[in-house]
Amino acid sequence: MNPYILAILLFGLGLGTTITFASSHWLLAWMGLEMNTLAIIPLMAQHHHPRAVEATTKYFLTQAAAAATLLFASVTNAWLTGQWEIQQITHPLPSTMITLALALKIGLAPLHAWLPEVLQGLDLTTGLILSTWQKLAPFALILQLQPSTSTLLIILGLTSTLIGGWGGLNQTQLRKILAYSSIAHLGWMILILQFSPSITLLTLLTYLIMTFSTFLVFKLNKSTNINTLATSWAKAPALTALTPLILLSLGGLPPLTGFMPKWLILQELTKQGLTPTATLAALSALLSLYFYLRLSYAMTLTISPNNLTGLTPWRLPSTQLTYPLATSTAMTICLLPLTPAISALLIS
């Protein structure tokens, strides 16, 4: 892609998210979300592969449906209450519609079916943008909405953690596994949103760091399914030794960074008297942990089943920058000891 066009599209992505962040009026927030969608579509379709075009079309249709529902709900709210302010959603009907529209935008279960299909059709770089940056703007709006739709958020959160765990169990494609991982993590964030928005933001931040590391590892190894992971020991032995730690951190295993948000969320849910919810969420984390363990096993303890001598992918030097990967990997593995300091900041 032409670097000038790429720069304009990335600028559009950043501007759309910033407009949504800065807006207090529903029309402006909607406009930011639309700019975001329109800026990423050329990035998704840039390879002109039928699979990429199909993924782009699916993405466009779901985002257009979500944006139309959002606009309709905000107009309904203005009609019922005379308010266009994001903070002034008091009527239950527009409040529920907007929550569901934003859930469709970020791919929360049961409105998640588009996400694995779309992610599977993209290259890893665009997939990384879709899994991280594209979640920020809708999340900013959900954070401002949260007091009015309490039961709905818990239902969406629990459904997402369970479906995110179940859906990834039988997958062999890494991008689909990462899509289900994304659904499960978003479920955890939504679950705690109304009780502690600061823990939700902390969970979002750790999710962004861990997902960034995982995508960069797969990109460095040029891996798109479980079988190709098994050749990574010959390309980057040190990274192959560290990758299971990144994957287990995503699964929320102590003593890695990913355990911190799950620990704080379960603690807060128990404090709020929602012990059954916390138990279900913890059990669903075991499902996710299973497929991360499966990836770790395939990567470190198996040898590739197919004869790759004709391809010799490990002899081609990688052109990818390794500084971002090194930084994010260190953060993914080592931040758990900061939990007391972060807890103190959250409480204050």
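Each number in the numbering used here corresponds to the 1-based position in the sequence shown with 10 added. Glycine included, every Cβ here is placed at the ideal spot set by N, Cα and C. Since the model is a prediction, treat every value here as computed from it, not as a measurement.
Can you give me the C-alpha to C-alpha distance between residue i and residue j, rounded to a whole angstrom?
i      : j      : result
Leu290 : Gln154 : 26 Å
Gly320 : Thr329 : Low local confidence applies: a pLDDT of 46 at Gly320 is under 50, so the model's placement there is unreliable, with the coordinate-based value given in what follows. Going by the C-alpha atoms only, they are around 21 Å apart.
Leu249 : Thr332 : 11 Å
Ser33  : Ser208 : 20 Å
Leu166 : Ala83  : 19 Å
Gln98  : Ala39  : 14 Å
Thr72  : Leu118 : 13 Å
Asn237 : His195 : 25 Å
Tyr302 : Leu146 : 25 Å
Gly178 : Leu214 : 20 Å
Trp36  : Leu239 : 45 Å
Thr234 : Leu129 : 11 Å
Lys281 : Leu348 : 22 Å
Thr210 : Ile200 : 7 Å
Ser353 : Ala55  : 42 Å
Trp94  : Thr28  : 19 Å
Tyr14  : Phe21  : 10 Å
Leu25  : Thr182 : 36 Å
Leu276 : Ala336 : 30 Å
Glu44  : Ala77  : 7 Å
Gly174 : Ile202 : 17 Å
Ile50  : Leu19  : 7 Å
According to DSSP, what are the bridge partners of residue i?
i      : result
Asn235 : Gln183
His35  : Glu95
Grab me the residues of residue i's own chain with a C-beta within less than 6 Å of its C-beta, minus the 5 sequence neighbours each way, in chain order.
i      : result
Leu112 : Pro148, Leu151 and Ile152
Leu134 : Phe225, Phe228 and Lys229
Leu257 : Tyr302, Leu305 and Ser306
Leu125 : Gly117 and Ala189
Ser192 : Ser141
Short of 7 Å in beta carbon distance, which residues of its chain neighbour residue i, apart from the five on each side in sequence? Order them along the chain.
i      : result
Pro254 : Ser306, Met309 and Thr310
Glu64  : Gly131
Thr312 : Ala240
Phe269 : Gly262, Leu263 and Leu346
Using a Cβ-Cβ cutoff of less than 8 Å, which residues in the same chain neighbour residue i once the five nearest sequence positions on both sides are dropped?
i      : result
Thr1   : The first residue shown for the chain is 11 and the last is 358, placing residue 1 beyond what the model contains.
Leu252 : Thr339 and Ile343
Thr285 : Leu279
Ser160 : Gln204
Trp143 : Leu23 and Thr27
Practice problem: Take every Cβ of the stretch 215-228, pair it with every Cβ of the stretch 188-200, and state whether three or more of those distances are shorter than 8 Å. | Solution: yes
Practice problem: Report yes or no: do three or more beta-carbon pairs, one from the stretch 260-269 and one from the stretch 296-303, lie closer than 8 Å? | Solution: yes
Quiz prompt | Every unbroken alpha helix (DSSP H) inside the stretch 104-168 [4 residues or more] | solution = 124-130, 134-141 and 143-155
Quiz item: Does the stretch 42-60 touch the stretch 87-104, meaning 3 or more C-beta pairs lie closer than 8 Å?
Solution: no
Self-check item: 4 or more residues per run - each alpha helix (DSSP H) lying fully within the stretch 219-280
Solution: 236-239, 242-245 and 247-261
Quiz item: Would you call the stretch 273-291 and the stretch 240-249 touching, i.e. three or more CB-CB distances under 8 Å?
Solution: no
Quiz item: Are the stretch 205-220 and the stretch 170-183 in contact at 8 Å, needing three or more beta carbon pairs?
Solution: no
Exercise. Could I get the ranges of all uninterrupted alpha helix (DSSP H) runs contained in the stretch 43-100, with 4 residues as the minimum, in chain order?
Key: 60-91
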